[in-house]
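Peer 1: Take the position in the sequence shown, starting the count at 1, then add 2; the result is the number in this note's numbering. Where a beta carbon is used, it is the ideal one built from N, C-alpha and C, also for glycine.
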Amino acid sequence: SDTRTSNRFGQALSMNQNYLVVGSPNVDSNRGAVYVFRKGSRNRWEEIQKIEAPNGTLHFGESVSICDDESRFVVGDSRAHGNIGRVLVYELMQGVPSFKHTQTLTLSNGRTGTRFGNDVAIYKDTIVVGAFGKRDQENKITGAAYLFKNVAPNDEYTMHAELSKCVSHKAHFGTSVSIHRNAIVIGAPGYNSGQGIAFIYSTWSTKLRKTIKGSTPTSNLGATVRTFGRHVVVAESGLYNSSGAVRVYRYNNRMWDG
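1) Run through the region 8 to 44 for me and flag every whole alpha helix (DSSP H) of 4 or more residues, listed as ranges in chain order.
2) Would you mind working out which of 172, 83 and 72 sits nearest residue 93, comparing C-alpha positions?
3) Going straight from the alpha carbon of residue 134 to that of residue 96, what length do you get?
4) Select from 249, 234, 232 and 233 the residue whose C-alpha is nearest the C-alpha of residue 240.
5) Can you give the beta carbon distance from residue 67 to residue 75, rounded, assuming they're within the 8 angstroms contact cut?
6) Applying the 10 Å Cβ sphere with the 16-neighbour rule, what's the burial state of residue 8?
7) Enumerate in chain order the residues of its own chain whose CB-to-CB distance from residue 47 is below 8 angstroms, with the five nearest sequence positions on each side excluded.
8) Are the beta-carbon atoms belonging to residue 77 and residue 36 less than 8 angstroms from one another?
9) In the DSSP output, what is residue 237 paired with across the bridge?
10) For a test of the three-state rule: what should DSSP assign to residue 83, helix, strand or coil?
11) Mind pulling the beta strand (DSSP E) runs of 3 or more residues that sit fully within the region 153 to 207?
12) Taking three-plus beta-carbon pairs below 8 angstroms as touching, is the region 169 to 184 in contact with the region 135 to 146?
13) Would you kindly check if the distance between the Cβ of residue 100 and the Cβ of residue 51 is under 8 angstroms?
14) Who are residue 73's beta bridge partners in DSSP?
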């Protein structure tokens with residue numbers, strides 16, 4: 003990998019059992035790139051591929067996510083097309099430890115500053131995309147998140163749902179997104195002037211299951227969210243004079259307990 007000053011190598015990371023995807027958004031004169039590593043002999047990680055930014059892109063690799071089954075990964079390119087954004091899907095080639103670009107996800111109603119792809123998450127046949135700069139019908143920057151499903155027989159991702167629960171200006175819903183098993187988690191750290199809020203949805207029905215608000219007016223809750231297995235973790239980085247804290251929730255008896 004390239005090791006020049008200010009490349010920001012490692013700003014975005016995602017891994018499974020055998021592959022590691024690393025974003026480096028400032029490499030190549032700020033065009034950005036994504037590096038793919040594979041676990042080799044003696045459990046050593048070896049670089050197998052550098053994916054360079056598409057033409058006209060800056061800071062490619064700010065967000066990445068790879069499937070557990072190793073078949074695909076996605077890269078958010080939220081600064082493309084005047085900060086409207088897009089997401090690129092890469093698929094593992096048969097018989098070769100290399101990934102190829104197979105699809106680009108975009109918004110038909112995207113506007114300058116939407117930042118579609120500022121964060122991304124993929125699990126099985128579902129991709130979740132954050133767009134924290136999305137404006138509502140009143141032109142307020144509330145943010146949104148989008149679900150794409152891969153439906154046979156075309157083997158392509160199509161828009162399945164738009165999620166948007168915040169009504170406050172600059173809530174930045176979709177700043178952080180995560181999906182695993184039965185949970186989709188969306189963070190909106192700008193909600194209520196920095197209190198922050200996070201939402202847990204059902205993966206299968208997209209029904210809202212739980213709402214989590216920041217403990218204080220400056221908690222900034224939801225800037226980072228993650229879910230894995232039966233757990234959800236939500237960062238509250240502004241708590242305790244910005245010392246920060248995290249909340250952990252566990253799925254138990256069809257409820258998320260914290």
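Peer 2: So, from the listed chains and residues:
1) 29 to 32
2) 72
3) 36 angstroms
4) 249
5) 6 angstroms
6) exposed
7) 22, 39, 40 and 41
8) yes
9) 248
10) helix
11) 158 to 165, 178 to 182, 185 to 190 and 199 to 204
12) yes
13) yes
14) Answer is none; residue 73 lacks a bridge partner.
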